[in-house]
Amino acid sequence: MEYNFSTIEKKWQDYWSKNSTYKIVEDTSRPKFYILDMFPYPSGAGLHVGHPLGYIASDIYARYKTHKGFNVLHPMGFDAYGLPAEQYAIQTGQHPEVTTYKNIDRYKEQLAKIGFGYDWDREIRTSEPGYYKWTQWAFLRMFGSYYDNIQNKALPIEQLVSHFEHKGTEGLDVACSDEIYFTAEEWKGKSEKEQQEILMNYRIAYLGETMVNWCAALGTVLANDEVSEGLSVRGGYPVEQRKMKQWCLRISAYADRLLSGLEGLNWTESLKETQRNWIGKSEGAEIKFHIADSDAVITVFTTRVDTLFGVSFMVLAPESEYVSVITSSEYREEVEAYLDATKKKTERERISDRRVTGVFTGGYAIHPITKQPIPIWISDYVLSGYGTGAIMAVPAHDSRDFAFAHHFGLPILPVVKPLDGELLPVEEWKDSLDSKEGVMINSDFLNGLSVRDAIAEMKNYIHDHDLGRVKTNFRLRDAIFSRQRYWGEPFPIYYKEGMPYPLPEEQLPLELPEVDKFLPTESGEPPLGRAKDWKTQDGYPLELSTMPGFAGSSAYYLRYMDPHNPEALVDKQKNEYWKNVDLYIGGTEHATGHLIYSRFWNKFLFDLGIICEDEPFKKLINQGMIQGRSNFVYRIKETNTFVSLGLKDQYDTTAIHVDVNIVHNDRLDLDAFKRWMPEFATAEFILEDGEYICGYAVEKMSKSLFNVVNPDDIVAQYGADTLRLYEMFLGPLEQSKPWDTKGIDGVHRFLRKFVGLYDNITDEKPSSEEYKILHTLIKKLGQGIESFSFNTCVSAFMICVNDLQAGRCSKIQILEPLAILLSPFAPHLAEELWQYLGHQNTITREPYPMLEEKYLVEAEINYPVSFNGKVRFQLSLPADMDKNEVEKVALSHPDTAKWLVEATPKKVIVVPGKIINIVH
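In terms of the working numbering, the numbers along the sequence shown are unbroken and rise by one, the last being 1032.
Encoded structure:
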């Protein structure tokens, strides 16, 4: 049989498409399995070979589970909103939908060439009104809900209104932005607008003042990962921190459930720990510090209330509302300059920056116990969103407080004394307070207590003396949910008397309007401000911001279950069949944001009874990155002459990145290099043995480094099945590894060798050795696939084929199951071999070969025979021979007498199935 991969792969891709081979419907006669890839944003650059890594792994697993008898849902779609498309639209005037759909078509063409088994009937695009109708619907449900801390779930806002009407805020325990109190009579006496303002304090989707990354040049808010060193990643424009009214989602209400829900998930411990740190649960207390010469009170959250006596200064976040209150006229100019500088840093940059900066406000707080004045400073290492945006600085205990105090010459007060009462030097206790069992806190009533007991005692003291309250705090903050962009989901919100109201659900989807430009208006409104008649039928203005990118990706897995349903996000029966995702594969860059948002969104819908599972993703695997293998040429300075790698040290050269597509096994194609860029058309070369050898390095795959490899080129040269096997062969799925074309020839030769087994097929009964080779492969593949060690699977295939080829095996009882085993990895070739064997149906749903352990049982065991621990010869004996018989045969063997000479054995050690050791 000839292996013409181009013809074979085109033939079977057409067959799968024509016959809807991968179309999936609910089937209660088979167990379900839902496999999901983190769907891509379709960029104009298309796919490079690093992108399909996770897709190939999930496709192998999906095909394997299908062979195992599961009804496998394995869909694909596109995260179709994004800033790049909008920026391209601004530059060219072309509608972002046009470029987005063009890019999607290219992605689908590339994905089809690799032979993925997606059910394209379930494809979703987040920018299509039929999809984002349900994003808008979910937002309206969040707008119409509040979180009850007692029932620990979201409830309709109408129930909260009823509580207000009967009891006011009495007995209320709900998630809110600010603690407010009023009676039922006071609630009833408020105007509609005033009531709506109060409800905004409790809604899960709410308008709130928050710090954002504002880019004036782009006219929009940016996410943290869209900003670097104070500039927008897209375009390099200045970005500043600005307080703005934005739509937010009250994710913080779900913090405890997001934390506890991790325990039941089959995720890696490192991924769980990342989420735990992001959620950041802290048990502590809020302490009240009164401001000197003012009625103002600053509350500070701390987990180490026992260190209160070590407070020597306070630090406010630059955004704190108290800055303007406490700053004295003497220091105002210096403070304002510091605030302006801080605006240029994102929160992420402030967290990672270890440099000490700050400014004194001129204000003082009063220590709640000692009543001593404490200076108040401002520093960007304090964040407004965590705790209260203010800290009590204990430089003797906290490393950043210590660095700040040391830098500005502030007092460092001893916190701990040994039991004999002598003060310890700072170096001895500032980093080891937690480790001291019995300590003497620098106070009269905590002497001799352990840290744990001291904390408990101080919490009681604070409560009894009305100095604050015990509180659990979370680092997780509410998600900013609006962007001042055009290309995003419109909010189904209109405004009446300045207050937001929901559109009726029957008017969804609210579709994006046409605009003349995709820029903000001249008056600074978002691009939707350019739309004509962007208002309700009653003439009320509609919201001008759009939703962020994560809006459409937070619940997309649910829509795949029922993608064409116009009446519901997902039919209840279909949701109860598919339940949630059994296996989710995607990159580590989504370890926090996307996964937190998706889990929150899912839990909210679960609270409403829309879906049947509290968690969306049961098992999650982060695939590693395929890095680029860059190549370099070496130009002799001030010339157009290039010297080969081995000779470059003889000259004064400059290394230049060269397109890896004109390099093969580090050998440069000289003619292609001359054609690559006009400046190299007259290049001359100093060669090694007639060849130009390039240097190399492993770097991120990037167009700017000329190390991007297009999968289309690999498919054209070697075939999709070779690409699939090779990406798996590169190394463990979860590790990053460099792309190196040196090994791809070997994988391609393996497939040709595999095809060679199918020449001259016979009906002869296989030998026990041939059955052993087959079932050894079945066992190794089962172990490898279930543990996602696909690289070991490819190795097992290679060993199997070599063994079968050495034995000249061409027996159909071996080769038929062998084709099924290959099917998940190289589906095109497997289909062709299946048809070549005389089958008319697709191989896709053929039962997976059963492992029969009896073929793996050894008939004989090869024992190494040692004398005083040194192996002298081998002895082949029946596997079922007992220990005594093994000893007798070993002692009677002619070679034993030879190695004993005339000595008498003192002991014979037999480890059944492993070794014989004769001690003399």
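Cβ atoms here follow ideal geometry from the backbone N, Cα and C, with glycine treated the same way. Quick caveat, the model's predicted, so the values are computed rather than measured.
Secondary structure of ILE481 (DSSP, three-state): coil.
In this chain, the alpha helix (DSSP H) harbouring SER464 covers 459–464. A residue is called buried once 16 or more other Cβ atoms fall within 10 Å of its Cβ, and VAL506 is buried on that count. For CYS288, the three-state secondary structure derived from DSSP is coil. In its chain, beyond the 5 residues on either side, PRO621, GLU623 have a beta carbon closer than 7 Å to the beta carbon of PRO241. The secondary-structure analysis by DSSP pairs GLY855 with nothing; it has no beta-bridge partner. The bridge partners DSSP lists for ARG747 are PHE754, THR766.
With a cutoff of 8 Å on beta-carbon distance, LYS355 and GLU448 are scored as not near each other.
Residue range 1027–1031 is occupied by the beta strand (DSSP E) that includes ASN1029. When C-beta atoms of the region 840–847 are compared with those of the region 887–905, three or more pairs fall below 8 Å, so the two segments count as touching.
Secondary structure of GLN263 (DSSP, three-state): coil. Within the same chain, and ignoring the five residues on either side of TYR870 in sequence, the residues whose Cβ sits closer than 8 Å to its Cβ are MET113, SER922, LEU927, LEU945, TYR948, LEU949. Beta-bridge analysis with DSSP links ALA809 to SER742.
In its chain, beyond the 5 residues on either side, ASN313 have a beta carbon closer than 7 Å to the beta carbon of ASP290. Contact between ASN734 and LEU383 holds, with the beta-carbon distance rounding to 7 Å and staying under 8 Å. As the crow flies, the alpha-carbon of TYR606 is around 38 Å from that of TYR689.
As DSSP reads the structure, THR332 sits in a beta bridge with CYS327. In the three-state scheme derived from DSSP, where H, G and I count as helix and E and B as strand, GLY242 is classed as helix. Under the three-state reduction of DSSP, TYR696 is assigned to strand. Cβ-Cβ separation between TYR493 and THR473: approximately 16 Å, too far for a contact (criterion under 8 Å).
Under the three-state reduction of DSSP, PRO268 is assigned to strand. Spatial neighbours of ARG460 in its own chain (CB-CB distance under 7 Å, excluding positions within 5 residues in sequence) are listed in chain order as ASN336. For ARG253, the CB contacts under 7 Å within the same chain, skipping 5 residues up- and downstream, are LEU720 in chain order. Taking all protein chains in view, the Cβ of VAL333 is crowded by 16 or more other Cβ atoms within 10 Å, so the residue is classified as buried. Going by C-alpha positions, GLN986 is about 6 Å away from VAL977. In the displayed model, ARG597 falls within coil according to three-state DSSP, outside both helix and strand. Membership of ASN183 in the beta strand (DSSP E) is indicated by the continuous run 183–185. Taking 8 Å as the cut-off, the beta carbon of TYR804 is found closer than this to the beta carbon of SER756. Residues GLY736, MET737, ILE738, GLN739 of the same chain have their beta carbon placed closer than 8 Å to that of SER848, with the five preceding and five following residues left out of the count. Segment contact: the region 676–684 against the region 255–266, fewer than three CB-CB distances shorter than 8 Å; contact not assigned. Excluding residues up to 5 positions away in sequence, ALA317 lie with their Cβ nearer than 6 Å to the Cβ of PHE251 in the same chain.
Comparing alpha-carbon positions, the option among PHE425, GLU395, TYR434, ALA429 lying closest to THR415 turns out to be GLU395. In this structure, ARG362 lies away from GLY497, with their beta-carbon atoms at least 8 Å apart. Going by beta carbons, GLY855 and PHE586 fall outside the 8 Å limit. Between TYR746 and ALA591, the C-beta spacing is not below 8 Å.
CA-CA distance, GLN203 to SER657, rounds to 21 Å.
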